[in-house]
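Undergrad: Mapping the first sequence onto this note's numbering, position 222 (from 1) lands on 248, and the numbers just tick up by one. Where is the CB? At the ideal position from N, CA and C, for every residue including glycine. Only a predicted model underlies this, so the values are computations on that prediction, with no experimental measurement involved. Sharing a structure, written as structure tokens. Questions coming.
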Amino acid sequence: MKLATWNINSLSVRLPQVLDWLAAHPVDVLCLQELKLTDDKFPFDALRSAGYEAACFGQKTYNGVAVLSRQPLAEVVRNIPGLADEQARVIAATVPTPQGPLRVLNGYFVNGQAPGTDKFAYKLRWLQALHDWVASELAAHPRLVLLGDFNVAPEDRDSYDPVGLAGTIHHTPEERAHFQALLALGLVDAFRLFEQPDKSYSWWDYRMLGFQKNRGLRIDHMLVSPALRPAVSACHIDRAPRKNPQPSDHAPVVLELGL
DNA sequence: ATGACGGTGTGGCACCGA
27 MKLATWNINS LSVRLPQVLD WLAAHPVDVL CLQELKLTDD KFPFDALRSA GYEAACFGQK
87 TYNGVAVLSR QPLAEVVRNI PGLADEQARV IAATVPTPQG PLRVLNGYFV NGQAPGTDKF
147 AYKLRWLQAL HDWVASELAA HPRLVLLGDF NVAPEDRDSY DPVGLAGTIH HTPEERAHFQ
207 ALLALGLVDA FRLFEQPDKS YSWWDYRMLG FQKNRGLRID HMLVSPALRP AVSACHIDRA
267 PRKNPQPSDH APVVLELGL
């Protein structure tokens with residue numbers, strides 16, 4: 027069984043790339059972020075023709091998340107319960123597997139702009155609310171994966187310039203402490219369960235030839251629960267779509283489970 | 001220190017992303 031996460035920076039623009047990628051990589055579940063469209067514009071029909079049902083949570087212009095699945099989705103939750111948030115950043119669903127239900131939490135984490143700004147304060151509040159909600163989800167669903175665009179580079183090796191960018195957004199001690207708090211719940215960064223190439227990133231700035239120079243960040247993650255960890259057989263970043271014409275600035279991350 | 005690139009919405013640009 028395979029799951030993937032991909033920030034596609036406008037589903038309207040990137041739908042052909044998503045369909046091409048799914049045709050070449052027929053994962054069981056694909057979680058998308060930054061749809062940048064409302065639910066009435068979501069391409070249910072095209073995805074159904076490709077073999078996927080979908081649950082979406084969109085909004086105009088910004089944010090928006092969706093879960094695509096070959097198997098039926100159940101127990102769909104939109105945004106973090108109890109958090110007043112007008113931004114569409116979270117969608118959760120349960121998918122069936124031969125070993126029982128798998129809970130999938132898909133997040134488009136707050137960017138946060140810069141320390142000291144209102145957006146940064148929102149990011150920290152959001153991360154705390156997410157943490158508390160994930161804890162309750164774990165208690166109810168032991169087999170769980172938290173995935174998406176975390177907008178946090180967890181360690182120095184996850185950044186192309188950890189010294190120059192120290193303390194800036196994605197690199198602050200506060201953001202990294204929140205990432206560690208998720209790990210303290212028992213979640214494991216599946217990417218780091220395996221040997222990976224040096225300078226592995228999942229996002230590159232569109233500007234200044236960022237991708238060509240591999241000036242990137244690893245900010246898209248797959249965290250698995252303790253009960254799921256023994257099933258994890260591989261995790262990798264697929265850089266190929268970043269080379270497409272009109273690419274997203276993010277690459278997909280793929281998680282393989284021996285289920 | 002700033003802008004560079006790309007998407008959106010609406011407009012002759014501004015805002016946002018990371």
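#1: DSSP three-state label for Tyr134, please.
#2: Shortest alpha-carbon distance to Ser38 belongs to which of Val55, Leu63, Ala50 and Ala49?
#3: For the beta strand (DSSP E) holding Lys28, just list the boundary residues, first then last.
#4: Name the two residues that bound the continuous alpha helix (DSSP H) containing Asp71.
#5: Could you tell me which of Gly284, Glu282, Arg268 and Leu281 sits nearest to Val314, measuring between CA atoms?
#6: If you reduce the DSSP assignment to three classes, tell me which class Asp175 lands in.
#7: Would you mind listing the alpha helix (DSSP H) stretches within the stretch 145 to 220 that are 4+ residues and don't spill past its ends, in chain order?
#8: Any contact of the stretch 121 to 135 with the stretch 172 to 179, i.e. 3+ C-beta pairs under 8 Å?
#9: Hey, which unbroken runs of the beta strand (DSSP E) at 3 residues or more fall wholly within the stretch 77 to 127?
#10: At what residue ranges does the stretch 246 to 279 contain a whole run of the beta strand (DSSP E), taking only runs of 3 or more?
#11: Examine the Cβ distances between the stretch 230 to 246 and the stretch 261 to 281 and report whether three or more of them are shorter than 8 Å.
#12: Within 10 angstroms of its Cβ, does Glu290 collect 16 or more other Cβ (buried), or is it exposed?
#13: Measure the CB-CB distance between Cys261 and Phe217 and report whether it falls below 8 Å.
#14: What does DSSP give as the partner residue(s) for Glu282 in the beta ladder?
#15: Here's the rule I'm using: 16 or more other beta-carbon atoms within 10 Å means buried, otherwise exposed. How should Gln59 be labelled?
#16: If contacts are defined as beta-carbon pairs under 8 Å, then Ala76 and Leu99 qualify, I think. What distance do you get, rounded to the angstrom?
#17: Residues in the same chain with beta-carbon distance under 6 Å from Asp65, minus the five sequence neighbours each way, listed in chain order, please.
#18: With respect to the alpha helix (DSSP H) encompassing Gln43, which residues constitute its N-terminal and C-terminal limits?
TA: With the structure as the only source:
#1: strand
#2: Leu63
#3: Lys28 to Asn33
#4: Phe70 to Ser75
#5: The structure shown has nothing for residue 314, since the chain only spans 27 to 285.
#6: strand
#7: 199 to 210
#8: yes
#9: 79 to 83, 91 to 95, 100 to 104 and 116 to 121
#10: 246 to 250 and 258 to 263
#11: yes
#12: One cannot answer for residue 290 here, as it falls past the ends of the chain, which runs 27 to 285.
#13: yes
#14: Lys28 and Ala260
#15: buried
#16: Their Cβ separation, rounded to whole angstroms, is 15 Å, which puts Ala76 and Leu99 out of contact at 8 Å.
#17: Cys82 and Gly84
#18: Leu37 to Ala50
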